[in-house]
């Protein structure tokens, strides 16, 4: 494989050792790799040079893979996405995540991953892009338990949403105060329960 035409890969995981090991394996197989520790760093690298393939974990600090993939779906729909996570996803197609392939950590071999990557790369640019979406999953602001923080899928700026405004079930909307874009989001009930547990613990201490 010619170096000038080697597929570009961006690895996103908050485990440095995993990034180092996977980078070494992929580079031995002809890929050019960069790595990021969370979604924010990944977006910075994406703006510099978009990769051919994005490999991302889902549970990460600062900006999770869930939110990162929502932004990638809107801003970089041409990038092939592989989710590499400890999460157990039964139905990938029904998960609502932007992904072309899913591997559960500890349940795949490097050969399987590399074969999938070569297949995805061989389909570019004729691979049909996955549909765009304005849905932006939320992540918890670690400095406060009173609100959730969403990232606008258009301008990529973050803004708070009071947890009382996001207590309903199903899809909801919020307007980005920076650019006025209306985003559609959904909050997992477990996130709200976690916030309430943190608040109760803080009040009792």
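Residue numbers (the working numbering): 31 to 235. Positions of the beta carbon are idealized from the N, C-alpha and C atoms, including for glycine.
Counted as a single uninterrupted DSSP element, the alpha helix (DSSP H) harbouring residue 97 occupies residues 95-105. The three-state secondary structure of residue 138, taken from DSSP, is coil.
Around the beta carbon of residue 201, fewer than 16 other beta carbons sit within 10 angstroms, so the residue counts as exposed. Less than 7 angstroms separates the beta-carbon of residue 112 from that of residue 131. According to the DSSP assignment, residue 189 belongs to the beta strand (DSSP E) that extends over 188-192. For residue 77, no pairing in a beta bridge is given by DSSP.
From the listed residues 134, 57, 98, the smallest Cα separation to residue 183 is found for 98. Between the alpha carbons of residue 52 and residue 233 lies a distance of about 43 angstroms. Taking the Cβ atoms as the reference, residue 88 lies roughly 4 angstroms from residue 115, within the contact range of under 8 angstroms.
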